[in-house]
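Note sheet for the following structure.
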Amino acid sequence: MFSTRAGHRILLLAVLVTGFISILYIASFAQPPPPVPVRTGKDSSTAKNNGPLLSGHAIAPKLGNETVKAELGRAAWKVLHTTFARFPEKPTDDEKEALRSYVHLFQRLYPCGECAEHFSTVLEKYPPQVSSRSAAAMWGCMVHNIVNKRLHKPEFNCENIGDAYDCGVVRRARVLGACCRCFGELPR
231 MFSTRAGHRI LLLAVLVTGF ISILYIASFA QPPPPVPVRT GKDSSTAKNN GPLLSGHAIA
291 PKLGNETVKA ELGRAAWKVL HTTFARFPEK PTDDEKEALR SYVHLFQRLY PCGECAEHFS
351 TVLEKYPPQV SSRSAAAMWG CMVHNIVNKR LHKPEFNCEN IGDAYDCGVV RRARVLGACC
411 RCFGELPR
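Residues in the sequence shown are numbered from 231 upward in steps of one, following our numbering.
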């Protein structure tokens, strides 16, 4: 009686092992999953389809410290104006979309939530101008003045935008030759 039970167990175990090996063998012939596409960053059409990504609400909470808020604002405008001053005069479609996306993401990720919400309304009314370096720089100055007006600060003369962000580099164009020494000379 003992040997019959042991024989049944061995037979059951052999059937299970054979079934498991058969399943593995059959599964080895199945098609592998398709590869995941790699984004190269050169396809500007994908950025245009990121509407919610670029136009969603501000992410950061309210920033209550007025001193920190003012310091952050000055630094942010310096980064933005320097970015516009370094933008190509004849940008490709990809470069245009990159700057447009950058401005919208800058607004969404800005560390001062209420500032980001206010800037969102400015962007809705005055979308970024990215057709050239001069268009981007003049747009940046214009929206900076809109923010200054809201904050009861003096407006900036946009004709002098190049002087304000000139850190010693010889300028090729009056309005937009500005850049900081730390970034080097503008491309020729």
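Note that beta-carbon positions come from the ideal geometry of N, C-alpha and C, so glycine has one too. All figures in this text were calculated on a predicted structure; none of them were measured in a lab.
Can you tell me whether residue i is helix, strand or coil according to DSSP?
i: Cys388; result: helix
i: Asn378; result: helix
i: Ala290; result: coil
i: Val360; result: coil
i: Cys342; result: coil
i: Thr297; result: helix
i: Phe259; result: coil
i: Glu354; result: helix
i: Gln337; result: helix
i: Phe317; result: coil
i: Thr424; result: Residue 424 is absent from the model: the chain starts at 231 and stops at 418.
i: Lys383; result: coil
Please identify the residue among the options whose C-alpha is closest to the C-alpha of residue i.
i: Ser362; options: Val377, Arg316, Tyr356, Cys388; result: Arg316
i: Lys326; options: Val360, Val377, Arg239, Glu389; result: Val360
i: Gln337; options: Thr312, Gly303, Asp323; result: Gly303
i: Glu319; options: Ser364, Val245, Gly370; result: Ser364
i: Thr351; options: Ile376, Ala328, Glu301; result: Ile376
i: His348; options: Glu385, Asn390, Lys292, Pro384; result: Lys292
Using the C-alpha atoms, what's the distance from residue j back to residue i?
i: Ile256; j: Gly237; result: 28 Å
i: Asn378; j: Ala305; result: 15 Å
i: Ala366; j: His382; result: 24 Å
i: His374; j: Thr313; result: 14 Å
i: Gly286; j: Ala260; result: 42 Å
i: Ser252; j: Ser331; result: 53 Å
i: Gly294; j: Gly370; result: 26 Å
i: Thr322; j: Asn387; result: 29 Å
i: Arg235; j: Leu242; result: 11 Å
i: Ile240; j: Val247; result: 10 Å
i: Glu415; j: Thr297; result: With a pLDDT of only 43 at Glu415, under 50, the local geometry of the prediction cannot be trusted, and no value is derived from it.
i: Ala244; j: Ser233; result: 16 Å
i: Pro384; j: Leu329; result: 27 Å
i: Leu339; j: Asn390; result: 29 Å
Can you tell me whether residue i sits near the ligand ADP, meaning its C-beta is under 7 Å from at least one heavy atom of the ligand?
i: Val373; result: What this structure holds is no ligand at all, so the ligand ADP is not there to describe.
Measuring CB to CB, does residue i end up less than 8 Å from residue j?
i: Cys345; j: Lys299; result: yes
i: Gly343; j: Ala288; result: yes
i: His334; j: Leu353; result: yes
i: Tyr356; j: Met372; result: yes
i: Pro341; j: Ala290; result: yes
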